[in-house]
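To start, the structure under review is shown below, and the notes come after it.
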Amino acid sequence: MRKLILILVLAFSIMGQSAYYRLGYGDIYPTTDPLGSSLGHGVVALEDSGHVTIHNPAALSGSSRIHFGASLGSEFRSIDDVVSNNTRLENIFFTFPVGSRLGMSFGTHAITDFASDYESTLEMGSISEQSSGGIWDFHLGLGVTVSPSMKLGIKLHKFQGQLRREIILLTDDVAEMYVIKGNVSGNSIEGGIISNVREKVSLGLTVNFPFDKPTLSGRDSLSGSAVYSEISEGMDAWPSTIKFGVIYHHSKTTNFMAGIAQQLFNDSGFADARVFALPTGWKTVPVASFQLSMQKLPRERTSRSWTNRAGWQAGVSIKNYYLSPASENMIYEYALITGVNLGLRNGRSLFEISGEMGSRGGDESLPDELFARVKFGIQINDTWFKKAKRR
């Protein structure tokens, strides 16, 4: 037991060492489930009656059963010889039909992480910083079929999160710890559309606009004393997000996808920030993201052979980071994405796993960082809870 406790302490002590997590908000709106992680933003155009998607609220109208889904994610990051890991529950959702043309969903997923742990040596001592917490997105979606070739959707998002940041200053004769802690809240609205162009092409578009950008409300205090100041800091750099996907249905079991996304940040979003202030010269820049992928659907979802019930997808992804250093050189992220899924013969469950490997960095910016992300998910539908008819 003592060895187990030591391993857990060491694991948490190195978690979140990514230099990119220390700046700003970390990764905003990451893919939190295996399907989106292995297909890219082209997934916003996907309709699949055997695989419910919550990436575009317009797709909810195609749900004919009650579905429950959940996913776990584990991310490994490496800079030089330092490897860190962050494993967490990332996504939970329910979808259900409302009549023949409407579908609804509700759930939650993680959208950013504040985890970081750093220490710097000074002439008279050292200063260390440790942050924990993150923001979760609680959402309620509605999708409707307008016509055989057109579906619309809307989704309301509620941001809730926490931040705790400890700054410890050690000198020859004094040790002081400053603590910043507070709650984060905000709101956004998302609209979506899916359109079928002829028989072979599907288009999907989503726009997520934060009409009430997240605000951190809390205290900045000197640990061990009654001295503190109230904090109310708006995260004005929080982005609006646009995603566009195109699917070419090559055959009954083969799809080719292209996805594009744009995140628009307020250039002066960190100008007056106290908690999320950037180093001198750093600034926010729009994020452009692009993916190409290929999807192979199961040949027969109720086949006796598991190979016929399995599907897979693979592709490539490129995007830039939302912060830029004083050198104005962009920080790019390149990745290979892939995933597999397997359904039970009775059609009651679908198991998924995805993998993503890549690198992030840029000339004269932060150190090059290698990363690997693994996500495992499951979907079950309401046939689990229905009694089988017996003759």
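Residues in the sequence shown are numbered from 582 upward in steps of one, following my numbering. Glycine included, each C-beta is placed from N, C-alpha and C at the ideal position.
Might you give, ordered along the chain, the residues of its own chain that have their beta carbon closer than 7 Å to the beta carbon of residue i, omitting 5 neighbours on each side?
i	result
residue 701	707 and 708
residue 963	646 and 647
residue 603	697 and 699
residue 813	796 and 798
residue 686	635, 641, 674, 675, 676 and 722
residue 762	744, 745, 799 and 800
residue 777	730 and 783
residue 815	794 and 796
residue 531	Given that the chain is displayed from residue 582 to residue 972, the structure contains no residue 531 and the question cannot be resolved.
residue 854	814
residue 555	Residue 555 cannot be examined here, being either before or after the span of the chain that is shown, 582 to 972.
Using a 10 Å radius around the Cβ and a threshold of 16 neighbouring Cβ atoms, would you call residue i buried or exposed?
i	result
residue 792	exposed
residue 831	exposed
residue 670	exposed
residue 819	buried
residue 638	buried
residue 787	buried
residue 599	buried
residue 867	exposed
residue 789	buried
residue 680	exposed
residue 644	buried
residue 754	exposed
residue 601	buried
residue 909	exposed
residue 682	exposed
residue 862	exposed
residue 885	exposed
residue 905	buried
Determine the DSSP secondary structure at residue i, reduced to helix, strand or coil.
i	result
residue 611	coil
residue 859	coil
residue 745	strand
residue 606	coil
residue 636	coil
residue 869	strand
residue 601	helix
residue 963	helix
residue 886	coil
residue 686	strand
residue 697	strand
residue 972	In this prediction, residue 972 has a pLDDT of 46, which is less than 50 and means its spatial position is unreliable; what the coordinates show is noted afterwards. Residue state, collapsed to three classes: coil.
residue 654	strand
residue 641	helix
residue 974	This structure cannot settle anything about residue 974, because the visible part of the chain is limited to 582 through 972.
residue 751	strand
residue 730	coil
residue 631	coil
residue 620	helix
To which residues of the same chain is residue i closer than 6 Å at the C-beta, ignoring the five residues directly before and after it?
i	result
residue 650	674 and 960
residue 936	919 and 955
residue 859	851
residue 824	622, 625, 787 and 842
residue 657	666 and 953
residue 938	917 and 953
residue 655	668 and 955
residue 584	Confidence at residue 584 is low in this model, with a pLDDT of 36, below 50, so its placement is unreliable and no value can be given for it.
residue 809	800 and 802
residue 760	747, 802 and 804
residue 957	653 and 934
residue 892	877, 878, 879 and 922
residue 720	736 and 738
residue 847	817 and 818
residue 627	634
So, for residue i: in the same chain, excluding its five sequence neighbours on each side, which residues have a beta-carbon less than 8 Å away from its beta-carbon?
i	result
residue 913	899, 900, 901, 902, 941, 942 and 943
residue 586	Confidence at residue 586 is low in this model, with a pLDDT of 33, below 50, so its placement is unreliable and the value that follows should be read with caution. Same-chain partners within the cutoff: there are none.
residue 661	948
residue 928	631, 882, 883, 962 and 964
residue 728	none
Is residue i close to chain D, meaning its C-beta is less than 8 Å from at least one C-beta of that chain?
i	result
residue 905	Here there is only one protein chain, and chain D is not present.
Taking 8 Å as the cut-off, does the stretch 614 to 630 touch the stretch 908 to 926 (at least 3 CB pairs, one atom from each stretch)? Contact between the stretch 908 to 926 and the stretch 614 to 630 is present, because at least three Cβ pairs lie under 8 Å.
Indicate whether the contact test is met: 3 or more Cβ pairs, each with one atom in the stretch 686 to 695 and one in the stretch 603 to 614, closer than 8 Å. The stretch 686 to 695, when compared against the stretch 603 to 614, does touch it at the 8 Å Cβ threshold.
If we require 3 or more residues per run, which beta strand (DSSP E) segments fall completely within the stretch 908 to 961? Entirely contained in the stretch 908 to 961, the beta strand (DSSP E) runs reaching 3 residues are, in chain order, 913 to 924 and 930 to 942.
Which runs of the alpha helix (DSSP H) at least 4 residues long sit entirely within the stretch 782 to 856? Give them in chain order. The stretch 782 to 856 contains no whole alpha helix (DSSP H) run of 4 or more residues.
Say whether the stretch 794 to 811 touches the stretch 763 to 783, bearing in mind that this needs 3 or more beta-carbon pairs closer than 8 Å, one atom from each stretch. They touch, by the three-pair rule.
So, does the stretch 838 to 858 touch the stretch 868 to 878, judging by three or more C-beta pairs under 8 Å? Yes: at least three Cβ pairs fall under 8 Å.
Counting pairs of beta carbons, one from the stretch 744 to 751 and one from the stretch 774 to 783, are three or more of them closer than 8 Å? Counting Cβ pairs under 8 Å, fewer than three are found: no touch.
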